[in-house]
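Presented below is the structure to which this report refers.
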Amino acid sequence: MKVDLYNQNAEKVGTTELPDSVFAVKWSPALVWQVVESERSNLRKGTAHTKDRSEVSGGGKKPWRQKGTGRARHGSIRSPIWVGGGITHGPRKDKIYAKKINKKMSRRALAVILSQKARDGEILMLDSLSITSGKTKDAFNFLKNLAGIREFGGIGVNSRALVLVASKDLNTSRALKNIPKINVTEARNAAASDLLASRFIITPEESVKALAARIK
């Protein structure tokens with residue numbers, strides 16, 4: 041698949057060929073759903089916790105004697121039927137929500153999502169990307185320039201976009217991180233849920249090579 045190639049000033053500088061193994065894969069909603077749900081489950085902390093009767097304080101003494109009071113028998117105020125007692129079947133922090141994702145499925149899902157975004161014209165290819173100053177003002181101007189590309193209506197400062205960098209670039213990340221709807225991640229660390237959460241993908245050619253090496 042051939043796509044237009046732009047520089048950081050939003051000027052068209054040529055075309056580039058995208059690898060079919062990454063950008064020409066058939067759409068598979070079932071696969072994407074399974075991988076994204078697994079990724080979200082793996083991020084779940086599971087901090088909600090209720091105490092059962094063994095964890096509630098107090099209740100060491102029998103409330104009243106077994107017989108002769110005319111009241112129902114009870115052994116402890118920790119019982120779940122007492123106010124302030126233990127909770128039955130409540131959420132527990134020891135529950136594990138993690139789900140296993142096969143590497144082949146995860147890589148395939150990335151290719152499926154990238155391919156669909158390429159078909160929808162939501163991937164913007166750059167010859168290179170580097171904001172050496174690390175200033176938000178320069179990142180803002182960079183995105184403002186991109187808004188002038190007719191083929192990508194809606195892309196710009198106010199669009200939800202994911203920037204894929206080829207390697208760890210602290211200055212570029214620092215410059216873009218203060219812009220609310222823009223996320224930055226290394227191509228080798230991109231997840232299916234990250235791609236779906238953004239409408240546009242902004243990536244330099246070098247990042248495409250990293251993606252191809254990861255998905256092959």
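For the record, in the sequence shown the residue sitting at position 119 is 159 according to my numbering, with numbers rising by one throughout. Glycine is no exception: its CB is placed at the ideal position from the N, C-alpha and C atoms.
| So does the stretch 170-183 actually touch the stretch 210-220, counting three or more Cβ pairs closer than 8 Å? | Short answer: they touch.
| said: Would you call the stretch 97-109 in contact with the stretch 197-207, where contact means no fewer than 3 C-beta pairs closer than 8 Å? | reply: The stretch 97-109 is not in contact with the stretch 197-207.
| Taking just the CA atoms, how far does residue 203 sit from residue 169? | Residue 169 and residue 203: Cα-Cα distance of roughly 10 Å.
| Sorted by chain position, which residues of the same chain lie with C-beta nearer than 6 Å to residue 238's C-beta, five sequence neighbours on each side aside? | Here the set comprises 200, 201 and 202.
| said: In whole angstroms, give me the CA-to-CA distance for residue 113 and residue 85. | reply: Counting only the Cα atoms, residue 85 lies some 40 Å from residue 113.
| message | Rounded to the nearest angstrom, what separates residue 116 and residue 235 at their Cα positions? | response | Approximately 54 Å, taken between the alpha carbons.
| query | CA-CA distance, residue 244 and residue 222? | reply | Answer to the nearest angstrom: the Cα atoms are 16 Å apart.
| request: Pull up the DSSP beta-bridge partners for residue 201, would you. | output: Paired residue(s): 222 and 240.
| Exposure label - residue 157; buried when at least 16 CB within 10 Å | Residue 157 should be labelled buried.
| query | Could you give the uninterrupted runs of the beta strand (DSSP E) lying entirely in the stretch 115-188, keeping only those of 3 residues or more? | reply | List check, beta strand (DSSP E) in window: 163-166.
| task | For my contact list, residue 72 and residue 187 are in at a C-beta cut-off of 8 Å; report their separation, rounded to the angstrom. | result | Separation of the CB atoms of residue 72 and residue 187 is rounded to 29 Å, and the pair is thereby denied contact status at 8 Å.
| said: If you follow the beta strand (DSSP E) that residue 102 is in, where does it begin and where does it stop? | reply: Residue 102 -> no beta strand (DSSP E), and no H or E assigned at all.
| query | Under 8 Å, do residue 227 and residue 251 count as touching if we go by C-beta distance? | reply | Yes, these two residues count as a Cβ contact at 8 Å.
| message | Given a cut-off of 8 Å on the beta-carbon distance, is the pair residue 180 and residue 219 in contact? | response | Taking a C-beta distance under 8 Å as the contact criterion, residue 180 and residue 219 qualify as a contact pair.
| query | What do you get for residue 53, buried or exposed, if any count of 16 or more other CB atoms within 10 angstroms of its CB means buried? | reply | Its Cβ having fewer than 16 others within 10 Å, residue 53 is exposed.
| said: Can you give me the C-alpha to C-alpha distance between residue 151 and residue 133, rounded to a whole angstrom? | reply: Between the alpha carbons of residue 151 and residue 133 lies a gap of roughly 35 Å.
| query | What did DSSP end up calling residue 44 once you bin it into helix, strand or coil? | reply | Reduced to three states, the DSSP call for residue 44 is strand.
| query | Does DSSP classify residue 51 as helix, strand or coil? | reply | It is coil, neither helix nor strand.
| said: Considering only their Cβ atoms, is the gap separating residue 154 from residue 76 smaller than 8 Å? | reply: Cβ distance not < 8 Å, so residue 76 and residue 154 don't count as in contact.
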